[in-house]
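Beneath this line is the structure, given in structure tokens, with notes to follow.
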Amino acid sequence: MKILINFENQSKVKFKFLKLFKKIFEIFVKNENLQGEINLDLMLISEKKAQKLALKFKNKDYVPDVLSFPSGLKIQENNLQIHFLGEIFMTPSKIQKQAKDYNHTQKREFSYLFAHSLYHLLGLDHDNDENNKFMHEKVENILKNLEIFR
């Protein structure tokens, strides 16, 4: 198993959690029994760009903390299966404000939202209470593994 996060920081916020995100991604891949090479794109963007993306792709005028776009792309190359899970766009300035509002550490807030987004890339959603609980438990299990608590 090989994992790859294609990372780009287009925001003005210095990002210090990429190593942690790789650990979260590794646990996620293991927990979900994903095989082969697993890739995703992670971009940190400004609130202005996040709002434009939300309007364009979600038809909603707001500044999201995170937007996830699953791809479902799988390529078989010789004996290697390559999965491109999709793209995650995070808005660091919004997430920092949210962490403060929820009385969470930035580490906790960024980690929760990244892990949560990974499950969106697999197609999971929180469209009802049961699915919301299911996703939340999966995310909390990853964070518990890394001793990231509220």
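Numbered as in the numbering used here, the sequence shown ends at 1255 without a single skipped number.
Glycine included, every Cβ here is placed at the ideal spot set by N, Cα and C.
8 Å Cβ shell around residue i - same chain, five flanking residues per side excluded
i, result
"Leu1218", "Asp1170, Val1171, Met1195, Ile1200"
"Ala1296", "Lying outside 1106 to 1255, the shown extent of the chain, residue 1296 is not represented and no answer is given."
"Ile1108", "Lys1127, Phe1130, Glu1131, Val1134, Glu1142, Ile1143, Asn1144"
"Pro1175", "Leu1190, Gly1191, His1225, Leu1226, Leu1227, Gly1228"
"Asn1236", "Leu1229, Asp1230"
Anticipated Cβ contact below 8 Å, residue i with residue j, distance rounded
i, j, result
"Asn1136", "Ile1187", "Contact doesn't hold; Cβ gap of about 20 Å is too wide."
"Leu1190", "Ser1216", "Not confirmed; about 18 Å, so no contact."
"Asn1111", "Phe1120", "About 14 Å; that fails the 8 Å criterion."
Inter-residue spacing [alpha-carbon to alpha-carbon] between residue i and residue j
i, j, result
"Glu1152", "Lys1117", "11 Å"
"Ala1298", "Val1244", "Residue 1298 is absent from the structure shown; the chain starts at 1106 and stops at 1255."
"Lys1161", "Ala1155", "10 Å"
"Ser1246", "Asn1183", "It is worth fixing the name first, because residue 1246 is Asn in this sequence and not Ser. Their Cα atoms are separated by approximately 34 Å."
"Lys1163", "Met1148", "18 Å"
"Lys1212", "Gln1140", "28 Å"
"Lys1179", "Ile1193", "18 Å"
"Asp1146", "Leu1251", "22 Å"
"Met1240", "Phe1254", "17 Å"
"Lys1157", "Leu1125", "28 Å"
"Tyr1207", "Asp1232", "22 Å"
Host alpha helix (DSSP H) of residue i (start-end)
i, result
"Ser1216", "1211-1226"
"Asp1206", "1197-1207"
6 Å Cβ shell around residue i - same chain, five flanking residues per side excluded
i, result
"Leu1223", "Phe1133"
"Pro1197", "Ser1116, Val1118, Leu1149"
"Phe1122", "Phe1215"
Residue range of the beta strand (DSSP E) that includes residue i
i, result
"Ile1230", "First, the residue type needs correcting, since residue 1230 is Asp and not Ile in the sequence shown. Per DSSP, Asp1230 belongs to no beta strand (DSSP E) and is neither H nor E."
"Phe1174", "1171-1182"
Where residue i sits in the DSSP three-state scheme
i, result
"Glu1252", "coil"
"Gln1115", "coil"
"Met1240", "helix"
"Glu1137", "coil"
"Ile1065", "Nothing can be reported for residue 1065, as the shown portion of the chain is limited to 1106 through 1255."
Neighbourhood of residue i by C-beta distance below 7 Å, restricted to the same chain and skipping five residues each side
i, result
"Ala1220", "Ile1129, Phe1133, Val1244, Ile1247, Leu1248"
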